[in-house]
Amino acid sequence: MKILNSEQVQKLDAYTIMNEPILSINLMERAARVCTNWIVKNIKPNMLVSVFVGPGNNGGDGLAIARMLADMEYVVKVFICGNKLSPDSLINYEKLLIQKLVYIKFIVEGDELPRIKSNELIIDALFGSGLTRPIIGFFSEIIQHLNRGFAKVLSIDIPSGFFSEANSHLTKSLDGGYINAIRANETLSLELPFLSFMLPDAQNHVGNLHILPIGLSQTYLNEIETDHFYIDIEMASSILQKRRKFDHKGTYGHALIIAGSYGKMGAAILSCKACIRSGVGLLTVHVPVSGYEIMQISVPEAMVCIDESETRFCKTEEQGHYTSIGLGPGLGMLKATVELLRKLLKNSTKPVVLDADAINIIADNKEMIHDLPLNSILTPHPGEFRRLVGDWDNYYHRLQMQIEFSKKYKVFIVLKGAHTSISSPEGKCYFNSTGNPGMATAGSGDVLTGIITSLLAQGYTSKNAAILGVYLHGLAGDLASEKNGQQALIAGDIVENLGTAFKAIN
Numbered sequence: 249m250k251i252l253n254s255e256q257v258q259k260l261d262a263y264t265i266m267n268e269p270i271l272s273i274n275l276m277e278r279a280a281r282v283c284t285n286w287i288v289k290n291i292k293p294n295m296l297v298s299v300f301v302g303p304g305n306n307g308g309d310g311l312a313i314a315r316m317l318a319d320m321e322y323v324v325k326v327f328i329c330g331n332k333l334s335p336d337s338l339i340n341y342e343k344l345l346i347q348k349l350v351y352i353k354f355i356v357e358g359d360e361l362p363r364i365k366s367n368e369l370i371i372d373a374l375f376g377s378g379l380t381r382p383i384i385g386f387f388s389e390i391i392q393h394l395n396r397g398f399a400k401v402l403s404i405d406i407p408s409g410f411f412s413e414a415n416s417h418l419t420k421s422l423d424g425g426y427i428n429a430i431r432a433n434e435t436l437s438l439e440l441p442f443l444s445f446m447l448p449d450a451q452n453h454v455g456n457l458h459i460l461p462i463g464l465s466q467t468y469l470n471e472i473e474t475d476h477f478y479i480d481i482e483m484a485s486s487i488l489q490k491r492r493k494f495d496h497k498g499t500y501g502h503a504l505i506i507a508g509s510y511g512k513m514g515a516a517i518l519s520c521k522a523c524i525r526s527g528v529g530l531l532t533v534h535v536p537v538s539g540y541e542i543m544q545i546s547v548p549e550a551m552v553c554i555d556e557s558e559t560r561f562c563k564t565e566e567q568g569h570y571t572s573i574g575l576g577p578g579l580g581m582l583k584a585t586v587e588l589l590r591k592l593l594k595n596s597t598k599p600v601v602l603d604a605d606a607i608n609i610i611a612d613n614k615e616m617i618h619d620l621p622l623n624s625i626l627t628p629h630p631g632e633f634r635r636l637v638g639d640w641d642n643y644y645h646r647l648q649m650q651i652e653f654s655k656k657y658k659v660f661i662v663l664k665g666a667h668t669s670i671s672s673p674e675g676k677c678y679f680n681s682t683g684n685p686g687m688a689t690a691g692s693g694d695v696l697t698g699i700i701t702s703l704l705a706q707g708y709t710s711k712n713a714a715i716l717g718v719y720l721h722g723l724a725g726d727l728a729s730e731k732n733g734q735q736a737l738i739a740g741d742i743v744e745n746l747g748t749a750f751k752a753i754n
């Protein structure tokens, strides 16, 4: 799924209106109907609904939704903020007057703002994605008033005051959010998501994201160029390779995982279990002597290559017959391990998957960045990424740094977190749609390393291995949270649900 900026979305709207063809007021009606259907399905009808309407077409959406909800016997109040309405909004206002089922009040600067009750639903239809400057004055007061309440807030298109790409120019609050942007519990994004929804700034504002198709022109959408994409089930399914009747274990590659050290063999076990569970034909794991029995008992499907050292890594395995190599989980950062990694990178002729201590070693020895094999995949969490590239001014800047690193060194960066982002050497960036906060647990990243290493071994390109691996990892985590809840989720649960995740997209 493409991620467009607000200007591109406006052009997509205009093309749809011109070529469907459809009147703009009827497209507004269609969008409002889709939003209303979502609300009816998810919001109890005994909840009071207060719609806050702004001067533009986002306000028109809110007016149409208010009318439709009233038709379905919701108790609805409409507060029109300011004394201006766009032409299409004015049409919906007149329809609302004819209906006579909705309480309507105009609010202008100086008026007392309506009291917000905790048991009502606030529909935010103040400003849409076409906003071009930060909200100040009267409308900022309204936003802060709504944010101070304890009601459930639902935003149409985008939380008012929040921008579709960068938000660094907004006024920050103490908790990292923004003073002059709505804090929504639910956001109904029309047709496509926005880039800003993918960044950590969104945590205090977007809430649960729901992307609702409203029938915009797919012909024109296919022609629009973008560097940002949202990984959905259709994309993941299109990447997944089907198995054939006469395939054998040699068909699906031989992966090498170099992981674990004394006291950290759990990381190696999780990574290896995930690798096996993701369909690799053969797996060899390179461990210190102290990890031999642990690995043989814990992952009997894996072959074990034993290092010369009792507790750490000091010897590299010959790489020629392996179709992929993953290393880093529980590796440690001793001097001998640093030299092992240095030698491996210099000698490798294939992409490698690097995680955890492998990334930390490179961060401490920056000259090793230049030895990264073409199209390698690095999977840092934010702290590891900071060690690798330095600090950033804001999250949009961090995204730019991630993309530039991928372009400069011709590697893929999988920056883990909510909406894990995958940057490519071509400057494209892909954001994940699966996963949940329960996956913020020890070992979750080790599982991801195993999945991606497995897919790479099976012949997936680095790009497809990263995209599919991240999606499956998040989906398995979602399936695990449905069974055990987010608080009780552990990394092993992700591995156990990988089979169901594969079935879901097959």
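Numbering-wise, our numbering comes out as the position in the sequence shown, counting from 1, plus 248.
We put the beta carbon where it would ideally sit given N, CA and C, even for glycine.
For residue i, which residues from the same chain have a beta carbon less than 7 Å from its beta carbon, with the 5 sequence-adjacent residues on both sides left out?
i: V454; result: P407, A432, T435, F445
i: Q347; result: R315, A318
i: R646; result: W640
i: N290; result: none
i: L620; result: L593, Y657, V659
i: N305; result: M276, S334, D336, S337, G376
i: R281; result: M316
Alpha carbon to alpha carbon, what distance is there between residue j and residue i?
i: P461; j: S437; result: 9 Å
i: I657; j: H618; result: Rather than Ile, the amino acid found at residue 657 in this sequence is Tyr. Those two C-alpha atoms are separated by around 7 Å.
i: I270; j: E439; result: 16 Å
i: W640; j: L349; result: 52 Å
i: A373; j: F300; result: 6 Å
i: N754; j: I390; result: 48 Å
i: K490; j: G527; result: 11 Å
i: Y351; j: P673; result: 55 Å
i: Q706; j: N456; result: 35 Å
i: E368; j: A399; result: 6 Å
i: D423; j: F411; result: 19 Å
i: A503; j: M616; result: 23 Å
i: D741; j: I371; result: 37 Å
i: I573; j: L703; result: 11 Å
i: Q466; j: A414; result: 26 Å
i: R635; j: M581; result: 14 Å
i: I545; j: V600; result: 27 Å
i: I625; j: M551; result: 24 Å
i: D261; j: L469; result: 10 Å
i: I251; j: E730; result: 28 Å
i: V297; j: I287; result: 10 Å
i: G568; j: M249; result: 38 Å
Go through its chain and collect everything with a Cβ distance to residue i's Cβ below 6 Å, but skip five positions before and after it.
i: E471; result: none
i: M687; result: G725
i: G691; result: L518, A739
i: H458; result: L436
i: Y678; result: F477, I479, I670, I715
i: I795; result: Because the chain is modelled from 249 through 754, residue 795 falls outside the range shown and cannot be assessed.
i: N395; result: R431
i: I364; result: G397, A399
Could you check where the beta strand (DSSP E) with residue i kicks off and where it finishes?
i: S777; result: With the chain covering 249 to 754 only, the question about residue 777 has no answer from this structure.
i: T532; result: 530-535
i: H417; result: Element bounds for H417: n/a, residue is neither H nor E.
i: I355; result: 351-355
i: H458; result: 456-460
i: F679; result: 677-680
i: L403; result: According to the sequence provided, residue 403 is Ser. The question's Leu does not apply to it. Where S403 is concerned, the enclosing beta strand (DSSP E) stretches over 400-404.
i: L504; result: 502-506
i: I699; result: Where I699 is concerned, there is no enclosing beta strand (DSSP E), although the alpha helix (DSSP H) it sits in stretches over 692-705.
i: I670; result: 669-671
i: I287; result: I287 -> not in any beta strand (DSSP E); alpha helix (DSSP H) instead, spanning 272-290.
I'd like the span of the alpha helix (DSSP H) that includes residue i, first residue to last.
i: K259; result: 254-267
i: H721; result: 710-732
i: F228; result: Any answer about residue 228 is impossible in this case: the structure gives the chain only from 249 up to 754.
i: L647; result: 643-657
i: F386; result: 385-396
Under the assumption that residue i contacts residue j (Cβ atoms under 8 Å), give the Cβ distance between them as a whole number of angstroms.
i: D603; j: T697; result: 4 Å
i: E277; j: A312; result: 6 Å
i: P777; j: F327; result: Here the chain has residues from 249 to 754 only, and residue 777 is not among them.
i: L727; j: N712; result: The pair is not a contact, with the Cβ atoms about 22 Å apart (cut-off 8 Å).
i: L333; j: G307; result: 6 Å
i: Y644; j: P448; result: Contact doesn't hold; Cβ gap of about 10 Å is too wide.
i: G722; j: T682; result: 3 Å
I'd like to know whether the C-beta of residue i is nearer than 8 Å to at least one C-beta of chain D.
i: D336; result: Among the chains of the structure shown, chain D does not appear; only one protein chain is present.
Please return the same chain residues whose Cβ sits closer than 8 Å to the Cβ of residue i, not counting the five positions on each side in sequence.
i: K497; result: G529, L530
i: P536; result: G508, S509, Y510, I554, D555, S557, E558, T559, R560, F561
i: Q258; result: G378
Which runs of the beta strand (DSSP E) spanning at least 3 residues fall entirely within the stretch 544-623, listed in chain order? 551-554, 572-575, 600-602
My parser needs the alpha helix (DSSP H) runs of 4 or more residues fully inside the stretch 292-371; what are they? 305-319, 335-347
Go through the stretch 468-520 residue by residue and report every complete run of the alpha helix (DSSP H) that reaches 4 residues or more, in order. 481-487
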